[in-house]
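Going by the working numbering, the sequence shown opens with residue -9, and the numbers climb by one from there. Glycine included, every Cβ here is placed at the ideal spot set by N, Cα and C. This structure is a prediction, so every number in the text was calculated from the model and none was measured. Below is one structure, written out as structure tokens; comments come after it.
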Amino acid sequence: MAAEPTDVHTEPEPIRGRQLLGMLLLRDGHLTIETLAETLAEKERTGKLLGQVLLDTGMISGDTLAQALAEQHGLDYLDLSMVEIEGEAAVLLPENVARRYRALPVKVLDDTDVLVAVADPTDMIAQDDIRFALGHNTKIVVADIDKLEQAISKTYRGHVEIGDAAALTGGSPQLTVEDIRDSAATGPAITIVNEAIARALDQGASDIHFEPQTEDVSVRVRVDGVARELMTIPSSLKQAVIARLKVMGGLDIAQRRAPQDGRVVVRVGGNPMDLRIAVLPTTHGEQVVLRILHRAFEGPLSLPELGMTPETEEIFLRAIGQPYGAIITCGPTGSGKTTSLYAALELLHDVGRVLVTIEDPVEYQVPGVSQIEIDPLAGLTFARGLRTILRSDPDVILVGEIRDEETARIAMQAATTGHLVLTTLHTHNAASSVARLKDMGIEPGLLGTSINCIIAQRLARRLCTACREAYEPDEQERAEFGLTDAGELVLYRARGCDECFHTGFHGRVALYEAMPVVGQIRRLIERSTDEIFAAAVEQGMTTLRQNGIQLCLAGVSSLDEIRRVTGDRLV
């Protein structure tokens, strides 16, 4: 078993002819005799290594230490911020090994040698392990630990070519079902799928897309709502990887011309996580999309954590404070609709109420709440489950999603017969939710008496605070976003750095549009979406775009991001 790597800032027992690290730094003027004496005293007092003490006290930089270590051990120093890492070299060393030993292959020198940057040139056991993992001789150079860790993160989250394994498939795409089943269970296919899932989770992705192209398979992930490239898989491994994904989801690997849906539960850090698998035939083969559903065992967000404006929060609280009625959150998939409803459920959760949820799947585990997960194969659908729930005398019901007329009708009728119903709907804003329910066949009169409020929401990306840059919007932007009367105005826009994967954004923030169904709006239920929207605005509703602009003025997001999320439509 390989030994654990030592700290990078070491000073081993002096070897004959090799200078001490402290003396090298003293010689080059980085330390004085007094500061060296103080540092050595601190080293003895704390038990830390000399280099670590020097860095902690700010007496030298990481580059200075790396250069001194390189000279001490007769090696070259390499400034990783000035070189480009060759993908052909980096792919030779698995990411977990690179991180464990703080080492990165930089360049393939020839058929037998690889240039490897390390932070600790004294760890000979680590160097032996790296040489074994690479299968090549190594030429060691020393790099600053901070730059090395940044380079490792940047390299292994970028475009990585998975090594070709034509031997696995014989170089031929024409395989029997038995061949494909066997290849799906082999090391390369399993390794690639596990690597893709691990990298996606490391980046906080919500989806993984395996997209077959003419010559390879492109793997992209959706992070903060935007797709980015993760890796490329050679075409020789395409069928094995797709088969592996289908086997995971319990799908038919012999069926290649029809869409298929499946699911699998994996464990990450000891906690279960749902992966929804969708397979769709395309021109170049089967496309597979994994949707990552994080089971939040730490519990849902509280209402203050949602980030609603005081006005929106007041409407929301008034709606859930009623003894009955429906509260609907609407928006696209992944916009945080269920998270908002669970914040309401947390406020409603007390010993005097019976709370029941029916979902696909259960997204949060809440003690004291009866939670049901639908299973269509067993006949447990939203509609059938909801009918049974109503016979169990609940006070509050959370319905994961209204997908059809039967579920919508049962939910709206329950909202008028003494139950508080929390549910979600896929529409683009609050006013259009009424039209969507009417299209499902629900009578306007039932909607007018059952709905308390409708909350539309989106998730916009937060600007990275480490690299965002200030600017003054031009006249065109002021006019587009209604900022013509704002006077002197400074906003922020995305720039990009290592911390945010050079996107300029890190994390997301919610935009809300709250429409209470009261007064004039209740009387306009039978009218058009435009009329309902206009009435809601007249009554003071803050639209999604207006909420987004408020976030821009606070420096949280950018005008370009709000434009991307909300579009140009007012309704």
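If you look at D394, you'll find it isn't in any alpha helix (DSSP H); DSSP assigns it neither H nor E. According to DSSP, residue pairing for D206 in a beta bridge involves P224. Residue A333 holds the alpha-carbon nearest to the alpha-carbon of Y354 among A333, L367 and T371.
For C542, the enclosing alpha helix (DSSP H) begins and ends at L534 to L543. Taken through DSSP and simplified to helix, strand or coil, E459 comes out as strand.
The residue among A500, P95 and G41 with its C-alpha nearest the C-alpha of M298 is A500. Distance from V255 to V269 at the Cβ level is roughly 18 Å; contact not present, criterion being Cβ atoms closer than 8 Å.
The residue among D488, E489, P463 and G486 with its C-alpha nearest the C-alpha of G477 is P463. Across the structure, A190 and D197 are spaced so that their CA atoms are roughly 8 Å apart.
Fewer than three beta-carbon pairs drawn from the stretch 504 to 518 and the stretch 215 to 226 are found closer than 8 Å, and the two stretches are therefore not classed as touching. Under DSSP, the beta-bridge partners assigned to R448 are L501. Counting along the chain, P95 sits inside the beta strand (DSSP E) bounded by residues A93 to V98. With a 10 Å radius around the Cβ and a threshold of 16 neighbouring Cβ atoms, I23 comes out exposed. When rounded, the separation of the alpha-carbon atoms in A425 and E185 is 44 Å.
Non-local beta-carbon contacts of A460 in its own chain, meaning distances under 6 Å to residues more than five positions away in sequence, involve V480 and Y482 in chain order. Counting the other Cβ atoms within 10 Å of the Cβ of D134 gives 16 or more, which makes it buried.
Taking the CA atoms as reference points, A188 sits about 14 Å from F200. The C-alpha of R234 lies about 31 Å from the C-alpha of A93. For the options L124, R468 and G252, the alpha carbon positioned closest to that of L367 is the one of G252. In the structure shown, the three-state DSSP call for T128 is strand. DSSP, read as helix, strand or coil, puts Q9 in coil. Secondary structure in the stretch 321 to 408: the beta strand (DSSP E) runs of 3 residues or longer, each lying completely within the stretch, are 345 to 349, 360 to 363 and 386 to 389 in chain order. When the Cα atoms are used, Q140 and A524 turn out to be separated by approximately 51 Å. Comparing alpha carbon positions, the residue from K97, V131, G125 and A456 closest to D113 is V131. About 6 Å separates the Cβ atoms of I387 and A404, confirming a contact at the 8 Å cut-off. Boundaries of the alpha helix (DSSP H) around L307: P300 to I310. DSSP places V108 inside the beta strand (DSSP E), whose first and last residues are D103 to V108. In the DSSP assignment, T413 falls within the unbroken beta strand (DSSP E) covering L410 to L415.
Rounded to the nearest whole angstrom, the CA to CA distance from R17 to C487 is 36 Å. For R483, the enclosing beta strand (DSSP E) begins and ends at L481 to R483.
If you draw a straight line from the Cα of D394 to the Cα of I400, it is about 10 Å long. Residue burial is scored here from C-beta neighbours: V346 has at least 16 other C-beta atoms within 10 angstroms and is therefore classed as buried. Taking C-beta atoms as the reference points, P95 and V87 fail to come closer than 8 Å. Considered as a whole, the stretch 20 to 81 harbours 23 to 36, 40 to 46, 52 to 62 and 77 to 80 as its complete alpha helix (DSSP H) runs of no fewer than 4 residues, in chain order. If you draw a 10 Å sphere on the C-beta of R513, you find fewer than 16 other C-beta atoms in it, and that means exposed.
Taking the Cα positions, E78 is about 15 Å away from T128.
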